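Residue numbers (the working numbering), protein chains in the order written: chain W, 11 to 171; chain E, 118 to 404.
For glycine and all other residues, C-beta sits at the position ideal for the given N, C-alpha and C.
Given the structure is predicted, the values throughout are model-derived calculations rather than measurements.
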């Protein structure tokens, strides 16, 4: 059960740590790196609160081993804002009231961040499918959809400009 | 929840993975996408002393053509099935059905080989493999062998895959021109397993069914091929009466387990609805 040395680039910063093979990515982020944005929700890959971006794909960090991330790039919700300026998806959730209790929000934001790169100009249906791996028990999703639409518009106009 | 302790191995080739399985013995489990195994380990339903991670083996990923057969690497993830132009052209059922599996994040990790080799009757690829006449390429200490999907699934979590073997690829014949297909899956919500699911592949000639496969998901200890139901339609004109007979024959072989999705009676009834819809949709797409 020897620990393994891994090197992971998290939010642009190279991090080298020795981890037990059984350490889940979400625990590595929260407990070793003190990045507590990714939340531990259902722990069985259903709720999406632990969603992070791993090498350009959305994954549920509760169902991924940290040791598997050696050499990978990880983006968490802490990595979305740029020098204190909110990312468009964060601004969208703020402007459109895309949260109430906020527990699901980090996962929602990181998923929306990747989804809008996969599909920059989505329909409402496509947003609902694209965000279907993230559960919210407060909002009824309506404002989350609006928040993603807001972010899509903002990112599109930034691309056009 | 944190999994029990284990040693981690990351082979770079199938041969290396097979050698590890040989030296570690029955204490080792293969790790594919991990979306069944890791939750089972957290819950202590599985406590392997060694995990052999297949994710670093590049040869196990990708979709290519071998003559008229589509060859899918066992570690190809669901989202890659959805994105594949080759599959859309040759075996459109697979990408379409993959959209009904789990959710976008899980589809970035969950693999077709893992879904099949796990032997869970709730997984979708077993029934899909049955209707596609798929063959599985397995590599063990004595080399490779190819086994048909039909007969591969022996019981819940039991398949013909030996402990010493790694599933390498899934071989699927391209659809002949005019083939109709459908996968109907009743589920309570995104990410759920099927309450009842039915896959159909069929061909016709002048209104008569000339080829038919019917597969059932999560309605017994394993995925089922509904051969009696197929016989109700094969070489017959496709009409409401024939569909009704096939639906009854398919329902008759189901043996669903009671769980939060419903009792056996409800699930069997829903199996009938899924079979009927899948048959009609596949028929409408056939030519």
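Span separating the alpha-carbon of residue i from that of residue j
| i | j | result |
| --- | --- | --- |
| residue 150/E | residue 374/E | 26 Å |
| residue 46/W | residue 72/W | 13 Å |
| residue 76/W | residue 33/W | 6 Å |
| residue 223/E | residue 323/E | 42 Å |
| residue 390/E | residue 291/E | 28 Å |
| residue 79/W | residue 16/W | 7 Å |
| residue 276/E | residue 202/E | 30 Å |
| residue 342/E | residue 125/W | 37 Å |
| residue 209/E | residue 250/E | 14 Å |
| residue 178/E | residue 395/E | 30 Å |
| residue 296/E | residue 302/E | 20 Å |
| residue 36/W | residue 85/W | 12 Å |
| residue 171/W | residue 157/W | 21 Å |
| residue 380/E | residue 358/E | 28 Å |
| residue 163/W | residue 91/W | 18 Å |
| residue 24/W | residue 372/E | 53 Å |
| residue 196/E | residue 149/W | 28 Å |
| residue 66/W | residue 138/W | 20 Å |
| residue 29/W | residue 152/W | 40 Å |
| residue 142/W | residue 200/E | 18 Å |
| residue 383/E | residue 162/E | 28 Å |
| residue 116/W | residue 226/E | 20 Å |
| residue 173/E | residue 241/E | 25 Å |
| residue 232/E | residue 243/E | 8 Å |
| residue 246/E | residue 70/W | 27 Å |
| residue 168/E | residue 154/E | 10 Å |
| residue 328/E | residue 320/E | 5 Å |
| residue 339/E | residue 105/W | 49 Å |
| residue 119/E | residue 94/W | 34 Å |
Chain E contact residues for residue i, given Cβ-Cβ distances below 7 Å
| i | result |
| --- | --- |
| residue 67/W | 225 |
| residue 156/W | Within 7 Å Cβ-Cβ: nothing; residue 156/W doesn't reach chain E, min ~20 Å. |
Residues sharing a beta bridge with residue i, DSSP
| i | result |
| --- | --- |
| residue 300/E | 316/E |
| residue 112/W | Looking at the DSSP assignment, residue 112/W forms no beta bridge with any residue, so it has no partner. |
| residue 83/W | 19/W |
| residue 92/W | 95/W |
| residue 68/W | 63/W |
| residue 181/E | 188/E |
| residue 253/E | 264/E and 287/E |
| residue 221/E | None; residue 221/E has no bridge partner. |
| residue 24/W | 19/W |
| residue 45/W | Looking at the DSSP assignment, residue 45/W forms no beta bridge with any residue, so it has no partner. |
| residue 29/W | 14/W |
| residue 113/E | Residue 113/E falls outside the range modelled here, since chain E spans only 118 to 404, and no answer is possible. |
| residue 374/E | According to DSSP, which records beta bridges pairwise, residue 374/E is partnered with nothing at all. |
| residue 145/E | 167/E |
| residue 75/W | 34/W |
| residue 124/E | 167/E |
| residue 272/E | 275/E |
| residue 342/E | 332/E |
Amino acids of chain W, ordered along the chain, whose beta-carbon sits closer than 7 Å to that of residue i
| i | result |
| --- | --- |
| residue 118/E | 53 |
Own chain partners of residue i with C-beta closer than 7 Å, once the 5 adjacent residues on each side are dropped
| i | result |
| --- | --- |
| residue 204/E | 180, 187, 198, 211 and 212 |
| residue 193/E | 178, 179, 180, 228 and 229 |
| residue 130/W | 162, 165 and 166 |
| residue 307/E | 220 |
| residue 368/E | 385, 388 and 389 |
| residue 269/E | 253, 276 and 277 |
Beta-carbon neighbours of residue i, restricted to chain E and to distances below 8 Å
| i | result |
| --- | --- |
| residue 58/W | 220 and 222 |
| residue 49/W | Result: empty, since nearest Cβ-Cβ is about 14 Å, beyond 8 Å. |
| residue 46/W | Within chain E, no residue comes near residue 46/W; the closest Cβ sits about 17 Å away, beyond 8 Å. |
| residue 61/W | 222 |
| residue 169/W | The premise fails here: residue 169/W is roughly 23 Å from chain E at the closest Cβ pair, so nothing lies under 8 Å. |
Residues near residue i by beta carbon distance below 6 Å, same chain, minus five either side
| i | result |
| --- | --- |
| residue 26/W | 17 |
| residue 362/E | 349 |
| residue 289/E | 187, 208, 249 and 251 |
| residue 402/E | 297 |
Cβ neighbours of residue i in the same chain (closer than 8 Å, five flanking residues each side left out)
| i | result |
| --- | --- |
| residue 360/E | 350, 393, 396 and 397 |
| residue 168/W | 98 |
| residue 134/W | 155 and 159 |
| residue 337/E | 238, 370, 371, 372 and 373 |
| residue 261/E | 254, 255 and 285 |
9 Å Cβ cut-off: residues of chain A touching residue i
| i | result |
| --- | --- |
| residue 164/W | Going by chain labels, chain A is absent from the structure shown, which instead holds the protein chains W and E. |
Heavy atom of the ligand COA within 6 Å of residue i beta-carbon
| i | result |
| --- | --- |
| residue 184/E | With respect to small molecules bound, the structure shown includes none, and the ligand COA cannot be examined in it. |
With 9 Å as the C-beta to C-beta threshold (strictly closer), list the residues of the region 133–159 of chain E near chain W in chain order. 148, 150, 151, 152, 155, 156, 158 and 159
Scan the region 218–237 of chain E for residues whose Cβ lies nearer than 7 Å to a Cβ of chain W and list them as they occur along the chain. 220, 221, 222, 223, 225 and 226
Residues, ordered as in the chain, of the region 78–98 of chain W that lie near chain E by beta-carbon distance below 8 Å: For chain E, the residues of the region 78–98 of chain W that bring a beta carbon within less than 8 Å of one of its beta carbons are 78, in chain order.
Between the region 136–150 of chain W and chain E, which residues of the former have CB atoms less than 7 Å from a CB of the latter, in chain order? 140, 142 and 143
Check each residue of the region 299–310 of chain E: if its Cβ is closer than 8 Å to any Cβ of chain W, include it; give the result in chain order. Under the 8 Å Cβ criterion, the region 299–310 of chain E contributes 307 and 308.
Chain E contacts from the region 14–30 of chain W (Cβ-Cβ distance under 9 Å): 14 and 30
When you check each C-beta in the region 161–184 of chain E against every C-beta of chain W, which residues fall closer than 8 Å? 168, 170 and 172
Residues in the region 106–135 of chain W with C-beta within 8 Å of chain E's C-beta atoms, listed in sequence order? 121 and 125
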